[in-house]
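So for the sequence shown, UniProt numbering puts the first residue at 1; every next one is plus one.
Ideal Cβ placement from N, Cα and C applies to all residues, glycine included.
Data block below; observations after.
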Amino acid sequence: MTNLLGHNHTACLGCGQIIAARVVINALGKDTIITQATGCLEVTTAQYPNSAWGVAWLHSLFGNPSAVASGILAALQYQQGHKEDKTQPTVVVQAGDGSTFDIGFGTISGMWSRYDDILYICYDNEIYANTGMQASAASPLGANTSTSPVGLQSLGMADRKKNMLDIALAYQLPYVAQSTAGYLDDIAEKIKKALTIKGPKYIQILSPCIPGWQIAHNQALQLGKLAADTGLYPIVEYINGKLTKVHRVPKPHLKVETYLQEQKRFQHLFKTTQGKKIIKEIQKIADENIKKYGL
């Protein structure tokens, strides 16, 4: 099989995002048009004049990949009305959590409100990794980032992660799913499923970041797996608003410490009484997910 994301990229060794992206694009196939938000995946795969992509690929801005994708879809639909061959490429938005959760959310809202037949893929590394490890609305409780640094008065991120899945479901999207780089076959399966469904689709993929999470280059897939298996990052699928598939967590349930202790961004939590209280809050989040989704 030909890889549609070549090896001539400049991503970090072991990058969870680039591994997930290769699975995604190979599942999508050649007949795909991608609009790419500014971010790690953009700068590591398409430094002018080179490109690692084997499909039609367009870099937009941090805030507008959804609007650009809607424009491409409109042009394709116009062409379709004037030709005998009624097939058209799959239009896909790719973005990180910074664009998805924060800067580009307004144009996502417009795209979903119009019910455009576009697949949106968020590679969630829980940080603005491309610009200096700043916190995003996807950064988890207790995480040490450059804009939520640990100090005498701070234990890292003070807020819970924004729940983009629930937001997508509120727009009544026909397909909403979440996976992690720890389960690559699941990612491919969800992409192929999305291709069979008309209308707006949203898939969110946890993509462990080597420098941002301060982990070893061979830990991305392991941590993607642990995130799901602890219940902190549930692998789920919704079709027409109905929960249709989940990844069951092991029993007895793994404690979140098994996931947190592997990442230096959480190491401070193990050192103080207040930090250990945050760990209990994080465990509560995992327990809530297990109950909510029936994991």
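Within 8 Å, strictly: CB atoms of residue i and residue j
i    : j    : result
K190 : S179 : yes
G54  : T90  : no
I19  : A181 : yes
I205 : C122 : yes
N144 : H247 : no
K30  : L13  : no
L223 : Y183 : no
Contact set for residue i: own chain, Cβ-Cβ below 6 Å, skip 5 residues either direction
i           : result
S66         : V93, T107, I108, M111
residue 296 : Because the chain in this structure spans residues 1 to 295, residue 296 falls outside the shown range and cannot be described.
G293        : Sequence inspection shows Tyr at residue 293; the Gly mentioned does not correspond to that position. Around Y293: P234, V236, V246.
A52         : L5, G6, N8, H9, T45
I279        : L269
For residue j and residue i, the rounded distance between their alpha carbons
i    : j    : result
D102 : V150 : 23 Å
P252 : Y48  : 50 Å
G241 : A168 : 10 Å
N289 : K255 : 13 Å
D124 : G212 : 12 Å
G6   : T131 : 24 Å
F62  : A158 : 25 Å
A188 : A227 : 18 Å
G104 : A216 : 31 Å
N64  : A75  : 17 Å
L243 : I127 : 28 Å
G39  : T45  : 10 Å
G71  : I34  : 12 Å
K271 : K277 : 11 Å
L155 : T196 : 44 Å
Y115 : V24  : 22 Å
V68  : G81  : 20 Å
L58  : C15  : 22 Å
G275 : Q17  : 29 Å
K264 : Q283 : 18 Å
Proximity to residue i [Cα-Cα], best of the options
i    : options                : result
L232 : G156, T45, E281, A75   : E281
Y120 : H9, T147, K291, A21    : A21
K193 : C209, Y183, P174       : P174
Q134 : D97, N218, A46, R114   : D97
A129 : G142, T147, S113, R114 : T147
I203 : S113, I278, I118       : I118
L73  : K284, A170, G199, G142 : G199
D166 : G142, D186, Y238       : Y238
Local Cβ density within 10 Å of residue i, reported as buried at 16 or more and exposed below that
i           : result
N163        : exposed
T100        : buried
K201        : buried
L41         : buried
P234        : buried
Q36         : buried
A27         : buried
L295        : buried
Q79         : exposed
T32         : buried
residue 333 : In this structure the chain extends from 1 to 295, so residue 333 is not present and cannot be described.
D186        : buried
S113        : exposed
A170        : exposed
Nonlocal neighbours in the same chain, by C-beta distance under 8 Å from residue i, ignoring five residues either side
i    : result
Q77  : Q88
E262 : I215, Q219, Q222, L223, L226
V249 : A228, D229, T230, G231, I290, L295
A56  : T32, I33, I34, P89
Cβ neighbours of residue i in the same chain (closer than 7 Å, five flanking residues each side left out)
i    : result
A286 : T230, G231, L232, V256
Q172 : G241
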